[in-house]
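Number of protein chains: 2
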Amino acid sequence: MSQLNQEAEALVKELPALRAQYQAVCEEHLSLDMSRGKPCAEQLSLSDELLFSLKSKDDCLTASGFDIRNYGLPGGVPELAELFAELLDVPAENIILGGNSSLNMMYDTVCRAILFGTYGNCLPWKDQGKIKFLCPVPGYDRHFSICKRCGIDLVAVPMTGKGPDMDIVEEKIKDPSIKGIWCVPKYSNPSGETYSDETVRRIASMRPAAPDFRVFWDLAYVIHDLEDTTDKLLNIFDLIKGTENENMVYAFFSTSKITYPGAGIAAMVSSKENIRHAKEDIAYQTISPDKINQLRHMKFLKDADTVYALMKQHARILKPKFDMTVHIFEKYLAGLSFVNWTNPRGGYFISLNVMPKTAKRVAQLAKEAGVILTPAGATFPYNNDPEDRNLRIAPSYPSVDEVEKAMTVVSLCVKLAAAEKFSE
Amino acid sequence: MSQLNQEAEALVKELPALRAQYQAVCEEHLSLDMSRGKPCAEQLSLSDELLFSLKSKDDCLTASGFDIRNYGLPGGVPELAELFAELLDVPAENIILGGNSSLNMMYDTVCRAILFGTYGNCLPWKDQGKIKFLCPVPGYDRHFSICKRCGIDLVAVPMTGKGPDMDIVEEKIKDPSIKGIWCVPKYSNPSGETYSDETVRRIASMRPAAPDFRVFWDLAYVIHDLEDTTDKLLNIFDLIKGTENENMVYAFFSTSKITYPGAGIAAMVSSKENIRHAKEDIAYQTISPDKINQLRHMKFLKDADTVYALMKQHARILKPKFDMTVHIFEKYLAGLSFVNWTNPRGGYFISLNVMPKTAKRVAQLAKEAGVILTPAGATFPYNNDPEDRNLRIAPSYPSVDEVEKAMTVVSLCVKLAAAEKFSE
């Protein structure tokens, strides 16, 4: 008998016991939300000095003496751009500071390309017929949603553990209707993987058929380590500088998971020409971002070392939750050959692959037992996980005890759903 | 001899003396910027308590207990929406709170209509061929710029002192390619006029040929009085409620000129259906606006009476500057039949009409003498003031003494440019 057959037989035998356990869990009336990558209250409080970092109106001046309470400075507070430049290892002049949402900067960048075209005198995307984006999967649902809303078709490309499968990417971009790719290159959402040097080099040297192809490089977790050492991510801007791909990459960053998710500072990084081009358009949209919050951030974050120390405090809070998740999975699911999960060194998510054709059922069972997960399928374009296997686990918000409880419930649901499937 | 001929003869005779005076002024090397409606530092300091209005993390909760430091609450802080609702006399549920820029909300609203269409299943504007907006003139250059960037043609409609010429508006909107009109109905930019009851009623009962025609109702100065009494503006939402025009109006508001221009709170007001429709789209764009700044505003602004008291403090600072502007114009220009100016009861601008074909020359002369005005023509679409007559005067930023000095220079330039013209 094959291993899978043995597992199936054992699970089918266990089904009545699993059902009884599940019934007991339901009667506990749990209410645990693990659907989104929300920092917990303890993490938020690491940044409460931000509330008081401007002590008086005399603090409302930039280093060059500009009164940030007033209109002006469309590019934002220069010294915060300098700090971000150090964190991201890019020139400060290649940064546009925004409001509180990097998602908004991505959405606006897509909309500008649709309405007005990218830098380089290409036609607006709206005038180029049906266009498409590549979406490494599993990936981030909000990236996919922007395309969906804008009528851009989504083409899934599998992740490999070292980033997207570049053989497939290189093949797909021969189609000139492929205009972009969504990437979370470090501690990817949800797999947690960091793109390998080879992957980044291949992305940097792509030869897309579309001259206005753009890489949307979401550095959401770029300094969000769980371990003492960080994953190394090649600097794609160093690789493309001076090449014909110099204008191919838009990167995005924010302090949403450094300071406050509701009131951080977002930024966009790109080539000198792309930034100049974007700034010209942004001037039609707004007079300036909220510079008060930018200067508050500058006074609170101070310098790169202070930021890294803050990130270590975040890690101290988060790591036990990730460890507990993996511990519970190992405890209850280690024997099942059809289940696997990631054990990331950073970021906000663990990617759990359950038995094929049961992810929706697992999420439903968990929900009915009071544990809300990200909807099954959300990590795929059109919510369509062809194997119905992948679940995104977000351990950041609940306490360690709640994570233990919730993951125990989820593990039970994984086994129960598999046992049900084997019993069909 | 006609009055104009007499004035011309006198001015031509005075030309050498005017030139000498101008030369003397140039040698003073002034540096005064009256180009934009920027609040002055004294006004900004009225709101400095805003910097400290959140005293601790315990203050970071909404009335219903939501921790605004985190993700969530896409509609913003409910109690601030309630306060805006009171100020604007609209239901709170018809308000969307935004970031710091109402211009950004206008731009986004136009872009969404272009990309996705308005509420009511109309085609996206991008799929309807050439479209146009009506622009009452003189008007606000940043409104015009949004249309220009988006490829929407601009059709000028003259202001009458009681709002736009509604005979012309009613005629123009018979063209289904006319999709919108920009209005600043109270203390209009730059004329300072408030739309009369009749104008508002006629706008509310328009019968545009385009079913997706929209009124962009910019309430930028709605509580920005210079006098003890306020101009009465009919509530257009009351007039359209329950009519076939119920979804025709998008209104915009911000605290940019109540608290801080660089870090206020913007809002959009519309019908229930338009707001629901807009919120659905905004959900693709961002998770939530900066709620920390919203709650800071709520704690600082407190209630409508506190806001009105704050506006009176603004008026105490601003009114002497407006009075000085008008006083200087009366002193130097009262005798000239071809010159006129507004004497507004609120808002941020005085509209100055100089001798036809000399506005550009006046602005150039003033600039060379160290006084920067809003560029001549900026108050008209495509910077094209057909009479080259209108100048927007923004007295808010300089001190009263500086206003006196600058307006004396401008008055001299008005006379000098006219004298030059008469000498041709």
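The listed protein sequences correspond, in order, to chains U and S. Take the first sequence: its position 193, counting from 1, is numbered 192 in numbering that gives the first Met the number 0, and each next residue is one higher. Take the second sequence: its position 410, counting from 1, is numbered 409 in numbering that gives the first Met the number 0, and each next residue is one higher. Cβ coordinates follow ideal geometry from the N, Cα and C atoms, glycine included.
Neighbourhood of residue i by C-beta, 8 Å cutoff - its chain only, sequence neighbours within 5 removed
i	result
Gln293 (chain U)	Ile67, Gly75, Val76, Leu79, Leu96 and Ile264
Lys231 (chain S)	Thr193 and Asp196
Pro38 (chain S)	Lys256, Pro260, His313, Ser395 and Tyr396
Val399 (chain S)	Pro319, Lys320 and Met323
Thr242 (chain S)	Ala203 and Ser204
Phe65 (chain U)	Gly71 and Leu72
Arg35 (chain S)	Thr373, Ala393 and Tyr396
Ile286 (chain S)	Tyr70, Gly71 and Pro73
Proximal chain S residues relative to residue i, where beta-carbon distance stays under 8 Å
i	result
Pro427 (chain U)	Outside the displayed range of chain U (0 to 423) lies residue 427 (chain U), so it cannot be described from this structure.
Interface partners of residue i on chain U, CB under 9 Å
i	result
Pro260 (chain S)	Arg68, Asn69, Tyr70, Gly71, Ile286 and Ser287
Cys182 (chain S)	Per Cβ cutoff of 9 Å: no residues; Cys182 (chain S) is ~19 Å from chain U at best.
Interface partners of residue i on chain U, CB under 8 Å
i	result
Ile113 (chain S)	Leu114
Cys412 (chain S)	What Cys412 (chain S) touches in chain U: nothing, since even the nearest Cβ is about 26 Å away.
Arg35 (chain S)	Tyr70
Lys301 (chain S)	Within 8 Å Cβ-Cβ: nothing; Lys301 (chain S) doesn't reach chain U, min ~19 Å.
Cys110 (chain S)	Cys110 and Leu114
DSSP bridge partner residues for residue i (one or two, in chain order)
i	result
Pro157 (chain U)	U:Val136
Ser182 (chain S)	Checking the displayed sequence, the identity of residue 182 (chain S) turns out to be Cys instead of Ser. Answer by DSSP bridge pairing, in chain order: S:Trp216.
Trp340 (chain U)	U:Leu351
Ile94 (chain U)	U:Val268
Val370 (chain U)	U:Leu31
Gly191 (chain S)	According to DSSP, Gly191 (chain S) bridges with nothing at all.
Pro288 (chain S)	According to DSSP, Pro288 (chain S) bridges with nothing at all.
Ile392 (chain U)	U:Ile349
Lys131 (chain S)	S:Asp152 and S:Ile177
Pro163 (chain U)	U:Met158
Own chain, CB closer than 7 Å to residue i, minus 5 neighbours either side, in chain order
i	result
Asp164 (chain U)	Val156 and Pro157
Cys146 (chain S)	Phe132 and Leu153
Ala418 (chain S)	Leu10, Val11, Glu13, Leu14 and Leu17
Val370 (chain U)	Leu29, Leu31, Met33, Ala405, Val408 and Val409
Leu114 (chain U)	Pro123 and Lys125
Gly98 (chain S)	Ala265, Pro288 and Asp289
Leu86 (chain S)	Ile222, Ala303 and Val306
Val402 (chain S)	Lys320, Met323, Thr324 and Pro394
Partner residues on chain U for residue i, Cβ-Cβ distance less than 7 Å
i	result
Lys125 (chain S)	Lys125
Cys149 (chain S)	Leu114
Cut-off 6 Å between Cβ atoms - residues of its own chain near residue i, not counting five sequence neighbours on either side
i	result
Asp217 (chain U)	Val183 and Phe251
Thr258 (chain S)	Ser46 and Leu49
Asp211 (chain U)	Thr117 and Cys121
Arg201 (chain S)	Met165
Ala112 (chain S)	Trp124
Phe236 (chain U)	Val89
Interface partners of residue i on chain S, CB under 9 Å
i	result
Tyr283 (chain U)	Leu102, Tyr106, Arg141, Ser144, Ile145, Lys147, Arg148 and Cys149
Leu53 (chain U)	Leu50 and Phe51
Gly98 (chain U)	Gly98, Asn99, Ser100, Asn103, Thr285, Pro288 and Asp289
Neighbour list for residue i in chain S, Cβ cutoff strictly below 7 Å
i	result
Lys56 (chain U)	Ser44 and Asp47
Ile291 (chain U)	Tyr259, Gly261 and Ala262
Does the structure place the region 266-285 of chain S close enough to the region 304-319 of chain U that three or more beta carbon pairs sit under 8 Å? no
Ordered list of beta strand (DSSP E) runs contained in the region 26-80 of chain S, each at least 3 residues: 31-33
List in chain order: all unbroken beta strand (DSSP E) runs of 3+ residues lying wholly within the region 205-261 of chain U. 213-217 and 248-253
Quick check: the region 369-383 of chain U against the region 39-56 of chain S, are there 3 or more CB pairs under 8 Å? no
Spell out a yes or no on whether the region 343-355 of chain S and the region 384-403 of chain S are touching, meaning 3 or more CB-CB pairs, one atom from each, closer than 8 Å. yes
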